[in-house]
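Notes to accompany the following structure.
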Amino acid sequence: MLLNEFTDKLLASAKAEGIDTAEVYSVKRENTEIIARGDSKDFKSNLSISVRFRAIINGKMGYAYTEAIDEEAVEQLIKGVKDATSLIEDEDEQFMFEGAEEYPTIEYSKRDENTPSAKQMISALDGLEAYAKAKDSKVAGMDQAVLQRKNSKINIVNTKGMNLEFSDSVYISYVSILAKDGDDVSTQYESHISRNFEDINFKNLADKAIEKAIEALHAKPISSGLYNIVINNEAMGELLDTYSPIFSAENAQKGLSLMAGKEGSLVANQAVKLVDNPLLKDGWSSCPFDDEGVPSKNKNIIENGKLITLLHNLKTANKAGLESTGNASSSNVSPTNMYFENGDISFDDMLNNIGEGIVITELSAMHSGANAISGDFSLPAKGYTFKNGKKDKMLNQITVSSNFYTLLKQMECFANDLAFKRPIASPSVYVGKLSVAGK
20 MLLNEFTDKL LASAKAEGID TAEVYSVKRE NTEIIARGDS KDFKSNLSIS
70 VRFRAIINGK MGYAYTEAID EEAVEQLIKG VKDATSLIED EDEQFMFEGA
120 EEYPTIEYSK RDENTPSAKQ MISALDGLEA YAKAKDSKVA GMDQAVLQRK
170 NSKINIVNTK GMNLEFSDSV YISYVSILAK DGDDVSTQYE SHISRNFEDI
220 NFKNLADKAI EKAIEALHAK PISSGLYNIV INNEAMGELL DTYSPIFSAE
270 NAQKGLSLMA GKEGSLVANQ AVKLVDNPLL KDGWSSCPFD DEGVPSKNKN
320 IIENGKLITL LHNLKTANKA GLESTGNASS SNVSPTNMYF ENGDISFDDM
370 LNNIGEGIVI TELSAMHSGA NAISGDFSLP AKGYTFKNGK KDKMLNQITV
420 SSNFYTLLKQ MECFANDLAF KRPIASPSVY VGKLSVAGK
């Protein structure tokens, strides 16, 4: 059964059973992946379809899911939403959007005119390990190189007249390099996202990963104390990703975010501007509508340190007496392309102005060392010291501790090096003095 036939049959069957308000949200994904390790390459390709069916019955919203597209799945989905609504105790008003008259357009710098063949994609990884080893005697090998092509097609159809479609494709390339000097070993990676196959340059990624891996050799911990801290763009992007749920109105309304009720108040340093932009050109998560079909729009979450808005879907917006910000995701609220805006100073100039301190380049154990409710974190870290604005000694086996809400107020200066290695990103940022545990 074709997906559009399945959708039509599901909605018709639901109506025949007295369900007047229903919606089918489907995603068709086609993923191709090549993994190179040494001279061997693994090729994988798969096609998947997932369907979310939801319906309002007696004022309750029920959800059911399937990856099967057949007659049996139609019956199971309808039964699933009926069972779900019979058990729900939520008294909040439920909504299903009828669609908008206009939707924005997503812009791209350059996209594939022709889809590359599997042979072309595999060839892009040829000779990488030999290339890496020839660059420096300290390169022990290529841990792995990965090329992924992800195609997706989203459809939302409901009984209120909505019928939306959006297709996207993206390449993710990744190289991990192993460096060794004596008994010391270091592994570092570099990644890139593109929507055009011709933009992928694995040798360039390998060069950057090699430089990082060799630099990280013989890193040592530093004495415990308070240090001027710069968190670089990659590490800050990961930290923001971890704490992005605090900007969800759903979490705020459930008492799971200390941002609750802070709209209009200063919650950060005046240098901070935090944006959620689902219309970002070439953005990872750019889409003209959210998962409820509400048109996407750019919005400032924090501007000049002031909390302007939390992120809403239709349900949370109604509770707050506001309009949806277009951030519905599945059955909750999520950011799209969220990022701190660039500052007006280069990374090197920022270090020169600070003088000396530590640059954090890597944070780990986010799942166990960061509390997304209280904001507290104590995270293993890597990086390097700098003196007179210049890189000095490489560091590892250190732990950085603070609180994310406090950190927002200490973000004194942003560099102009915003880098999207994930949908949630940041430039490098100077956060004043933080506690560092080392030797």
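Under the numbering used here, the first residue of the sequence shown carries the number 20, and numbering increases by one thereafter.
Glycine included, C-beta positions come from ideal geometry on N, C-alpha and C.
Since this is a predicted model, take the numbers as computed values, not measurements.
- DSSP places I250 in the uninterrupted beta strand (DSSP E) bounded by 244 to 250.
- Three or more beta-carbon pairs separated by less than 8 Å link the segment 159 to 177 to the segment 45 to 58, which places the two stretches in contact.
- One Cα belongs to S210, the other to K231, and the distance between them is close to 13 Å.
- According to the DSSP secondary-structure assignment, L382 is paired through a beta bridge with A400.
- The shortest C-alpha to C-alpha distance from Q416 to any of K458, S186, L370, L426 is the one to K458.
- Under the DSSP assignment, K169 falls in the beta strand (DSSP E) whose first and last residues are 158 to 177.
- Collapsing the DSSP output to three states places I229 in a helix.
- Between E375 and N407 the beta-carbon gap is near 7 Å, inside 8 Å, which marks them as a contact.
- Contact check for K401 and L245: beta-carbon distance about 19 Å, past the 8 Å limit, so the pair fails to qualify.
- Taking each of D310, T328, G302 in turn and checking the Cα distance to A268, the smallest one comes out for T328.
- Counting only runs that start and end inside the segment 407 to 441, the alpha helix (DSSP H) elements of at least 4 residues fall at 423 to 428.
- The Cβ-Cβ distance between S420 and F396 falls below 8 Å.
- A74 carries a strand assignment under DSSP once its states are collapsed to helix, strand and coil.
- Annotated three-state conformation of K222 is helix, per DSSP.
- Excluding five sequence positions before and after I219, the CB atoms of its chain that fall closer than 8 Å to its own CB belong to A143, L166, Y190, S192, H211, S213, given in chain order.
- Our two residues, Y262 and S387, have alpha carbons roughly 13 Å apart in a direct line.
- For T104, the enclosing alpha helix (DSSP H) has its first and last residue at 90 to 106.
- Judged by pairs of C-beta atoms under 8 Å, the segment 342 to 352 touches the segment 303 to 311, as three or more such pairs exist.
- In the structure shown, S142 falls within a helical segment according to DSSP collapsed to helix, strand and coil.
- Under the DSSP assignment, Y150 falls in the alpha helix (DSSP H) whose first and last residues are 147 to 154.
- Inter-residue distance for M181 and N223 is about 45 Å (C-alpha atoms, whole angstroms).
- When Cβ pairs closer than 8 Å are counted between the two stretches, the segment 264 to 283 is seen not to touch the segment 86 to 96, the count staying below three.
- Unbroken beta strand (DSSP E) runs of no fewer than 3 residues, entirely contained in the segment 289 to 340, are found at 293 to 295, 318 to 322, following chain order.
- The C-beta distance from N319 to K292 rounds to 7 Å, short enough to meet the 8 Å contact threshold.
- At the C-beta level, S445 and N323 stay beyond 8 Å of one another.
- Boundaries for T206: no alpha helix (DSSP H) harbours it, while the beta strand (DSSP E) harbouring it runs 203 to 213, taken from the DSSP string.
- T124 and L298 have their C-alpha atoms spaced approximately 8 Å apart.
- A direct Cα-Cα distance of roughly 11 Å separates V158 from E234.
- Judged by pairs of C-beta atoms under 8 Å, the segment 275 to 293 does not touch the segment 96 to 103, as fewer than three such pairs exist.
- Around the beta carbon of Y403, a 10 Å sphere encloses 16 or more other beta carbons of the protein chains shown; the residue is thus reported as buried.
- When the beta-carbon positions are compared, D367 and N435 stay at least 8 Å from each other.
- Apart from the 5 residues on each side of it in sequence, K325 sits with its Cβ closer than 6 Å to the Cβ of L285 in its chain, given in chain order.
- Taken atom to atom, the span from the alpha-carbon of I175 to that of G78 is near 21 Å.
- In terms of Cα proximity to S243, the closest of E120, F221, P314, I377 is I377.
- Of the candidates N371, M385, A151, the residue whose Cα lies closest to the Cα of G256 is M385.
- Burial is judged here by how many other beta carbons sit within 10 angstroms of a residue's own beta carbon; K34 has fewer than 16 and is exposed.
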